[in-house]
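*Asks:*
Number of protein chains: 2
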Amino acid sequence: MTAYDEFNAYVAEINDLLCAVNTLVWDGRTQMPPDGATTRGLQVATLSRLAQERFTSDHMGRLLDAADAATQGEDADGYRARAVRSAREAYAVARRIPLALVGELAERKSISQQAWEEAKQRNDFGHFAPHLAAMVRLNRELAGAIGYTAHPYDALLLQYEPGMTAARLATLFTELKAGILPLLLRIAAAPAVDAAFLTLPSAPEQQRAFGLAIAQAFGYDLRRGRLDVAAHPFEVSFTRQDVRITTRYQPTYLPGAIFGIFHETGHALYEQGVDPALTRSAHTTDFLGLYAVGGASFGTHESQSRLWENQIGRSRAFWQCHFPRLQQMFPDQLAGVDAERFYRAVNRVQPSLIRVEADEITYNLHIMLRVEIEMGLMDGSIAVEDLPRIWNAKMREYLGVIPPTDSQGVLQDIHWSTGYFGSFPTYTIGNVMAAQFMEAAQRDLPGLDQTLATGDYQPLLAWLTENIYRHGRAYSPEELLMRVTGSGLQAGPYLAHLQTKFGELYPQ
Amino acid sequence: MTAYDEFNAYVAEINDLLCAVNTLVWDGRTQMPPDGATTRGLQVATLSRLAQERFTSDHMGRLLDAADAATQGEDADGYRARAVRSAREAYAVARRIPLALVGELAERKSISQQAWEEAKQRNDFGHFAPHLAAMVRLNRELAGAIGYTAHPYDALLLQYEPGMTAARLATLFTELKAGILPLLLRIAAAPAVDAAFLTLPSAPEQQRAFGLAIAQAFGYDLRRGRLDVAAHPFEVSFTRQDVRITTRYQPTYLPGAIFGIFHETGHALYEQGVDPALTRSAHTTDFLGLYAVGGASFGTHESQSRLWENQIGRSRAFWQCHFPRLQQMFPDQLAGVDAERFYRAVNRVQPSLIRVEADEITYNLHIMLRVEIEMGLMDGSIAVEDLPRIWNAKMREYLGVIPPTDSQGVLQDIHWSTGYFGSFPTYTIGNVMAAQFMEAAQRDLPGLDQTLATGDYQPLLAWLTENIYRHGRAYSPEELLMRVTGSGLQAGPYLAHLQTKFGELYPQ
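If you're matching them up, the sequences are chains F and C in order. Position in the first sequence (from 1) plus 1078 gives the number in this note's numbering. Position in the second sequence (from 1) plus 1078 gives the number in this note's numbering.
1. Whole-angstrom Cβ separation of residue 1240/F and residue 1459/F, contact assumed at under 8 Å?
2. Taking the straight line between their C-alpha atoms, what separation do you get for residue 1523/C and residue 1517/C?
3. Can you name the residues that DSSP bridges to residue 1189/F?
4. Going along the chain, which residues of the stretch 1294 to 1325 of chain C sit with their C-beta nearer than 9 Å to a C-beta in chain F?
5. From the DSSP output, in three-state form, read off residue 1431/F for me.
6. Spell out whether any CB of chain C is found under 8 Å from the CB atom of residue 1112/F.
7. State the Cα-Cα distance for the pair residue 1316/C and residue 1303/C, rounded to the nearest angstrom.
8. Where does residue 1323/F sit, in a helix, a strand or coil, going by DSSP?
9. With 16 other CB atoms within 10 Å as the buried threshold, where does residue 1578/C fall?
10. Can you tell me whether residue 1079/F is buried or exposed? The criterion is at least 16 other CB atoms within 10 Å of its CB, across all chains shown.
11. With 16 other CB atoms within 10 Å as the buried threshold, where does residue 1586/C fall?
12. Compute the Euclidean distance between the alpha carbons of residue 1393/C and residue 1298/F, then round it to the nearest angstrom.
13. Can you check which of these residues, 1127/F, 1093/F, 1086/F, is closest to residue 1142/F by C-alpha distance?
14. Using 10 angstroms around the beta-carbon of residue 1105/C, count the other beta-carbons present and answer buried if the total reaches 16, otherwise exposed.
15. Measure from the C-beta of residue 1107/C to each C-beta in chain F and report whether the shortest distance is under 8 Å.
16. Mind pulling the chain C residues with CB within less than 8 Å of residue 1548/F?
17. Give the straight-line distance between the Cα atoms of residue 1432/C and residue 1382/C, rounded to the nearest whole angstrom.
18. Looking at the structure shown, is residue 1415/C part of a helix, part of a strand, or coil, going by DSSP?
19. Quick one: is residue 1369/F near chain C, going by C-beta distance under 8 Å?
20. With 9 Å as the C-beta to C-beta threshold (strictly closer), list the residues of the stretch 1517 to 1539 of chain F near chain C in chain order.
21. Runs of 4 residues minimum, wholly inside the stretch 1132 to 1184 of chain C: which ones carry the alpha helix (DSSP H) assignment?
22. Should residue 1385/F be flagged as near chain C, meaning a C-beta pair shorter than 8 Å?
23. From the beta carbon of residue 1097/C, is the nearest beta carbon of chain F less than 8 Å away?
24. Assuming residue 1108/F and residue 1306/F make a contact with CB atoms under 8 Å, what is their CB distance in whole Å?
25. Alpha carbon to alpha carbon, how far is residue 1279/C from residue 1330/C?
26. Return the chain-ordered list of same chain residues with a C-beta closer than 6 Å to the C-beta of residue 1575/F, the five sequence neighbours on each side being excluded.
27. If you measure from the beta carbon of residue 1094/C to each beta carbon in chain F, is any gap under 8 Å?
28. In chain F, which residues lie with their C-beta within 9 Å of the C-beta of residue 1443/C?
29. Measure from the C-beta of residue 1378/F to each C-beta in chain C and report whether the shortest distance is under 8 Å.
30. Could you name the residues of chain F that residue 1125/C contacts, counting a contact when the two beta carbons are closer than 9 Å?
31. Residue 1364/C by DSSP, collapsed to three states: which one?
32. For the pair the stretch 1344 to 1359 of chain C and the stretch 1546 to 1559 of chain C, tell me if three or more CB-CB distances fall below 8 Å.
33. Under the rule that 16 or more other beta-carbon atoms within 10 Å means buried, what is residue 1484/F, buried or exposed?
34. Quick check on residue 1452/C: does DSSP put it in helix, strand or coil?
35. Please work out which residues of its chain come closer than 7 Å, Cβ to Cβ, to residue 1121/C, disregarding the five sequence neighbours upstream and downstream, and give them in chain order.
36. Return yes when the C-beta of residue 1337/C is under 7 Å from any heavy atom of the ligand NAD, and no when it is not.
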């Protein structure tokens, strides 16, 4: 066995452990009988720890050194050299984090999550505050261990969006706000859009049938996938050969599951599109990535869920093509509605309290608010006990609404309770990247609008697969953006998309 | 941490790996999209290997030595001392098996299984023969590595039924044949039983509803379990907190799924009944067993599936109690049938070709035939190429029928293709033990027949849990039998059961 093969085989083992963790988690969230939760948690913890121990072992360091030496002189842009390089970087970061800290974060997670659930239920921020304070403290320690020069948040971002920094985010958000806030002001003055028909009762089986039909039209391969129900929907991959999505059916809100399925399908297409040569196999000669996820970053992954959900699924062309089928499946609910009215209803803009229910524009303001708070918590300029006040003040400033309760405000998201700080920005980064990629696809595929208008998604999927999906984790998000669009992360295309689309929907 | 706790924590890790394997296998057989099979196979192989490496490591040996020293002077019959002792025995055996042999068996498995499937489909024993010959050779090597004094089969039996030997099996089978063959001759002369109504079309959902209602009546806890569809039904446990069963619905054979569910429920009740103190938990202080299975042996486990399926589920009292409900659910199929006719139909005895379709009596003859062949393959007195001839001769001798094709004969079972030799005896051992346990329950619970007649299974389940289930793997099958029934494995109670039941059903 060559040094590279040895490195690769060891990484493949770690990948197998992590894919097993993914299976245990998927099962836990979709199939597991309720009383299995505790022992399942222990199993997930053990396997995660075994993977972590192997990845951060001295043995891994020696394998990396040998593989590095063996790939010197090879094409530095090739998968093999990249595999070794990115594994070295991840290894260096992982070795800087004390195992005790990893352990304490993991141990606190379930208690903290439970406290958050209780606090949310009882509208009692004080009940969650000490747990949140502990998570903030541990994440500041984590940032210190990983290391940073400008801002502790930079260290945390590394886990989700390599190359992103607090400073770059601040610039991006300033640009976005400058475009979004005036647009929102104008929309606020417009008459309300009629969307009452969206909240009529509709059967979950029918919602599923429509969503899945579109997922397949987008290109989701059910020989390598399946759709289940989950309280908090997600996509998960156990190699490109098995990529599963979940959704939640709301009996009196038709768009929830439909756009939810489009969204998770976008994630799934990314994973199903990874080059088979990069997939863990009995004859693996290349590298899929250390954490069994194919995407360049959380933001890049999110760009694909947003692209299929919003750029495609919430477009006028989409509904002109597919509304007749939807109407046929929901004849009572959609009697007298036409494609245009439906298109306008699912694109109505309305500042609201809850992030996951927000529209395409205001969603980003929910994110900015959270990210600004996270940065403040990390650099110490915001204290945990001030969070409800700061949250409400920012909601009023950005969205003009004030949560009547903390449950509908600062307590609404699970993220902080689980100890994750730094993932929120990737949602907005995803929106921004989606517009950049879509602009590049339009440039490369002259007839794209016509094929999309006929419901033919094959040319777009082929382009995305060729340019993005097949590479898995091989490129950093910035490299990928440069290769595909010719520039780094840019707010321009996204703002142009919002201004064109919503300028037309809400004329002055 | 004490030496015992250290040993225990290490075993708990191995258990978590094996529970994860169980989850991956369950998922693979019930949920996984078809194209996920190859990468799933790799994941299962990696986790199994990691568990095996850890269990057979020098480190494990040191932990065992220390734990052994630490438990000297403790109650030798207590769980702690037993845990260390049985782990030492398993460790000693596992260390004697060369890793290369484990690897070769695992590697050949999928190819051999595929060859068997093709051979069965094409009725071409010659296509499978070389693969089978390899599996025989490897199992003879395995027996040699494990070590034996009298017969190589003894070494293989150790994996499934500790304490059982080829010689003891030969004695048991002689006793069973002496009782069964005359009974069978008499039955062959009796008029055929009317069972045409069993093969009328019946909806799978209804089959499921009835089966699951009875499973719950037996005591199967759905907060810690679930029922799914699988081509080859099985029960699987990921600790007592999550014990799942599967079945297969035959659209034109009502008893298939019903008795299949009773059978798997018996396995599941065993696992759900393990003492919570023996369950892997964050505060584990005791030992569940190295392979995540709670039972004393395969035979002991099978005794519980047989007990609930046959001793309870195929009894007259059961159908007098539950037939009205079944008839209500299948009114067309069971019009004009009564409990007695149904009872006789599901207990009709008929020599047939296929083991898994056999009745309560002839089933054992299918097993004896296989076990005698396995012993001959292991001691070299039977050659692989003679198998079709020997199979057919034995079928004719024991059952009076000759398979028209090898597909319905020597090729019918998957077991040998996967390299398992020595598990078949446990099916008949299970029948024998079930009757012994049932006799003991009757002795200990004077009103048992009356409670069973009213459909109240709680007293029986409580007795089984107290005497058998809660102990998990703590006792060997012989120890358990001695504790519960006062004697070792005995054919008497089983033969008495058959003679009483079928003597009445088929009077002279």
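From the three backbone atoms N, C-alpha and C, an ideal C-beta is built for every residue, glycine too. All values derive from a computational prediction rather than experimental measurement.
*Replies:* Checking against the coordinates, here is how it stands:
1. Indexing the first sequence from 1 puts residue 1240/F at position 162. Indexing the first sequence from 1 puts residue 1459/F at position 381. Residue 1240/F to residue 1459/F, Cβ: 25 Å. No contact.
2. In the second sequence, residue 1523/C corresponds to position 445, counting from 1. In the second sequence, residue 1517/C corresponds to position 439, counting from 1. Going from the Cα of residue 1523/C to the Cα of residue 1517/C covers about 10 Å.
3. By 1-based counting over the first sequence, the position of residue 1189/F is 111. BP columns for residue 1189/F are empty, so no partner.
4. 1299, 1300, 1301, 1302, 1303, 1304, 1306, 1316, 1317, 1318, 1319, 1320, 1321, 1322
5. In the first sequence, residue 1431/F corresponds to position 353, counting from 1. Here residue 1431/F sits in coil by DSSP.
6. By one-based count along the first sequence, residue 1112/F stands at place 34. It does: the Cβ of residue 1112/F has a partner Cβ on chain C nearer than 8 Å.
7. As a working mapping, residue 1316/C is identified with position 238 in the second sequence. As a working mapping, residue 1303/C is identified with position 225 in the second sequence. In a straight line, the C-alpha of residue 1316/C is about 10 Å away from that of residue 1303/C.
8. Mapped onto the first sequence, residue 1323/F falls at position 245. In this structure, residue 1323/F counts as strand in the three-state DSSP scheme.
9. Position 500 of the second sequence holds residue 1578/C. Exposed, because fewer than 16 other Cβ atoms sit within 10 Å of the Cβ of residue 1578/C.
10. Position 1 of the first sequence, counted from the start, is the residue given in the question as residue 1079/F. Result: exposed.
11. For the purposes of this step, residue 1586/C is taken as residue 508 along the second sequence, with counting starting at 1. Residue 1586/C comes out exposed.
12. As a working note, residue 1393/C is residue 315 in the second sequence. As a working note, residue 1298/F is residue 220 in the first sequence. Their backbone Cα atoms lie some 50 Å apart in a straight line.
13. For the purposes of this step, residue 1142/F is taken as residue 64 along the first sequence, with counting starting at 1. Here the closest residue by C-alpha is 1086/F.
14. Taking the first residue of the second sequence as 1, we reach residue 1105/C at position 27. Per the 10 Å Cβ criterion, buried.
15. Locating residue 1107/C in the second sequence gives position 29, counting from the first residue. No, residue 1107/C lies away from the interface with chain F (no Cβ there is under 8 Å from its Cβ).
16. In the first sequence, counting from the first residue as 1, residue 1548/F sits at position 470. Residues of chain C passing the Cβ test: none, with the nearest at roughly 17 Å.
17. Within the second sequence, the letter at position 354 stands for residue 1432/C. Within the second sequence, the letter at position 304 stands for residue 1382/C. So the two alpha carbons sit approximately 23 Å from each other.
18. As a position in the second sequence, residue 1415/C is number 337, starting the count at 1. In the structure shown, residue 1415/C sits in coil (DSSP, three-state: anything other than H, G, I, E or B).
19. Residue numbering aside, residue 1369/F sits at position 291 when the first sequence is read from its first letter. With a pLDDT of only 42 at residue 1369/F, under the threshold of 50, the placement of this residue in the model should not be trusted, and no figure is reported.
20. none
21. 1136 to 1149, 1157 to 1174
22. By 1-based counting over the first sequence, the position of residue 1385/F is 307. Judged by the 8 Å Cβ criterion, residue 1385/F is not in contact with chain C.
23. Taking the second sequence and counting its residues from 1, the one referred to as residue 1097/C is at position 19. Cβ-Cβ to chain F under 8 Å: yes for residue 1097/C.
24. If you number the first sequence from 1, residue 1108/F lands on position 30. If you number the first sequence from 1, residue 1306/F lands on position 228. Yes, residue 1108/F and residue 1306/F are in contact; Cβ-Cβ is about 4 Å, under 8 Å.
25. Numbered from 1 along the second sequence, position 201 holds the residue referred to as residue 1279/C. Numbered from 1 along the second sequence, position 252 holds the residue referred to as residue 1330/C. So the alpha carbons of these two residues sit roughly 4 Å apart.
26. As a working note, residue 1575/F is residue 497 in the first sequence. Excluding sequence neighbours, residue 1575/F sits near 1513.
27. Sequence index remark: in the second sequence, residue 1094/C carries index 16 (1-based). Answer yes: the Cβ-Cβ gap between residue 1094/C and chain F drops below 8 Å somewhere.
28. As a position in the second sequence, residue 1443/C is number 365, starting the count at 1. Correct list: empty, because the minimum Cβ distance to chain F is about 38 Å.
29. Start at 1 with the first residue of the first sequence, and residue 1378/F comes out as number 300. False, the Cβ-Cβ gap to chain C never drops below 8 Å.
30. The sequence position of residue 1125/C within the second sequence is 47, counting from 1. Under the 9 Å cutoff, chain F gives 1094, 1095, 1098, 1125.
31. If you number the second sequence from 1, residue 1364/C lands on position 286. Interpretation of residue 1364/C is limited by its pLDDT of 46, a score under 50 that renders its predicted location unreliable; the figure taken from the coordinates is listed afterwards. Residue 1364/C falls in the coil class under three-state DSSP.
32. yes
33. Here the question's residue 1484/F lines up with position 406 in the first sequence. Classification for residue 1484/F: buried.
34. By 1-based counting over the second sequence, the position of residue 1452/C is 374. Reduced to three states, the DSSP call for residue 1452/C is helix.
35. Against the second sequence, residue 1121/C aligns to sequence position 43. Around residue 1121/C: 1102.
36. The model on display carries no ligand, and the ligand NAD is accordingly not part of it.
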